[in-house]
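All remarks here apply to the structure that follows.
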Amino acid sequence: MIQCPFISNELGEYVELLLYTDASFGNLPDGGSQGGFVIMVLGENGKINPVTWQSKKIRRVQKTQTKTSFSRDGIDCATSLARETQAKTLALADGIDCATSLARETQAKTLALADGIDCATSLARETQAKTLALADASETQAKTLALADGIDCATSLDTLYNELIFNKCTSEGGIPVRCVIDNKDLFEAVHSKKNVSEKRLRLEISCIKEMIQKGELTAHWIETNEQIANVLTKHGASAQNLLHCFETGLVDTVFMK
Numbered sequence: 001m002i003q004c005p006f007i008s009n010e011l012g013e014y015v016e017l018l019l020y021t022d023a024s025f026g027n028l029p030d031g032g033s034q035g036g037f038v039i040m041v042l043g044e045n046g047k048i049n050p051v052t053w054q055s056k057k058i059r060r061v062q063k064t065q066t067k068t069s070f071s072r073d074g075i076d077c078a079t080s081l082a083r084e085t086q087a088k089t090l091a092l093a094d095g096i097d098c099a100t101s102l103a104r105e106t107q108a109k110t111l112a113l114a115d116g117i118d119c120a121t122s123l124a125r126e127t128q129a130k131t132l133a134l135a136d137a138s139e140t141q142a143k144t145l146a147l148a149d150g151i152d153c154a155t156s157l158d159t160l161y162n163e164l165i166f167n168k169c170t171s172e173g174g175i176p177v178r179c180v181i182d183n184k185d186l187f188e189a190v191h192s193k194k195n196v197s198e199k200r201l202r203l204e205i206s207c208i209k210e211m212i213q214k215g216e217l218t219a220h221w222i223e224t225n226e227q228i229a230n231v232l233t234k235h236g237a238s239a240q241n242l243l244h245c246f247e248t249g250l251v252d253t254v255f256m257k
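Number 257 marks the last residue of the sequence shown (the UniProt record's numbering); no jumps.
Dropping the structure here:
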């Protein structure tokens, strides 16, 4: 049983909300993506108190099986075609010795086949590059939506805190929120003045940027192995860091310095 003995009066007067969010693209059986977040109260004494956590399927982000399979099949097909073409080229080369006229004809076909090999190889590389780029973009999209869900929950908690403590139904002037993410592209996007190329993410990113500019929240980047929300989104991920955090009331805050 996990015990969280660090009650609010031990945290001090100044507190912050720590929001750890993470996501895994296309890891569900139906091709969907899993997102999760952990929200904790961080006191001025460095102790934390877990408030809530969640792990669920992310809206809208789904792995397209057909396109991915098509890309992989295209690479396999191109590789197989290249090998087959190479074998036929060698056979044609042996036939050059039989006759001069046949040699000329074979040479022409060999050059044509060589062009075909180059084209197939180039297509395979291009397809592979596009597949990897699509996967990276989808991973960022999943983590963006997971972050947006976490911020929504943190904002609701902030509003509740203001209502209970100050009798104000607003999140303005409440608890500062620190978002902790491990996706470098997402971290750079929320701090960039440029719009993201992915249209489906522009609204979420713009809202997060606006909150950062208003001072309502800050975003911090950490290494993936330091992300305690990993266990909520990745099959087989260790829960040791999260359990240690809950049991001891301590979390590494080096990223805040």
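Every residue, glycine too, gets a C-beta built ideally from N, C-alpha and C.
For clarity, every value in this text was computed on a predicted model and none was experimentally measured.
Alpha-carbon to alpha-carbon, residue j and residue i
i: residue 270; j: ALA120; result: Residue 270 lies beyond the range of the chain shown here (1 to 257); nothing can be said about it.
i: GLU188; j: LEU203; result: 16 Å
i: ILE151; j: LEU217; result: 9 Å
i: ASP149; j: LYS234; result: 18 Å
i: SER138; j: TRP53; result: 23 Å
i: SER24; j: LEU160; result: 30 Å
i: residue 334; j: ASN167; result: Limits of the chain in this structure are 1 at one end and 257 at the other, which puts residue 334 out of reach.
i: GLY36; j: THR253; result: 20 Å
Burial state of residue i, where buried means 16 or more other Cβ atoms lie within 10 Å
i: GLU223; result: exposed
i: ASP22; result: buried
i: LYS47; result: buried
i: ASP30; result: exposed
Close beta carbons around residue i, own chain, < 8 Å, minus the five adjacent residues each side
i: LEU17; result: ILE39, MET40, VAL41, LEU42, VAL51, ALA154, LEU157, ASP158, ILE175, PRO176, VAL177, ARG178
i: LEU28; result: GLN34, LYS57
Simplified DSSP state of residue i, which is helix, strand or coil
i: LYS234; result: coil
i: PHE37; result: strand
i: ALA219; result: strand
i: ALA108; result: helix
i: TYR14; result: coil
i: CYS245; result: helix
i: GLY43; result: strand
i: CYS153; result: helix
i: GLY32; result: strand
i: ASP252; result: coil
i: ASN183; result: coil
i: GLN240; result: helix
i: residue 261; result: Only positions 1 to 257 of the chain appear in this structure, which leaves residue 261 out of reach.
Cβ neighbours of residue i in the same chain (closer than 6 Å, five flanking residues each side left out)
i: LEU242; result: ILE228, VAL231
i: ILE208; result: VAL190
i: ASP115; result: none
i: GLU163; result: CYS169
Proximity of residue i and residue j at Cβ, strictly below 8 Å
i: LEU186; j: LEU147; result: yes
i: GLU198; j: GLN141; result: yes
i: VAL180; j: HIS220; result: yes
i: LEU145; j: ILE212; result: no
i: ASN195; j: LYS143; result: no
Neighbourhood of residue i by C-beta, 7 Å cutoff - its chain only, sequence neighbours within 5 removed
i: ILE205; result: THR144, ALA189, VAL190, VAL196
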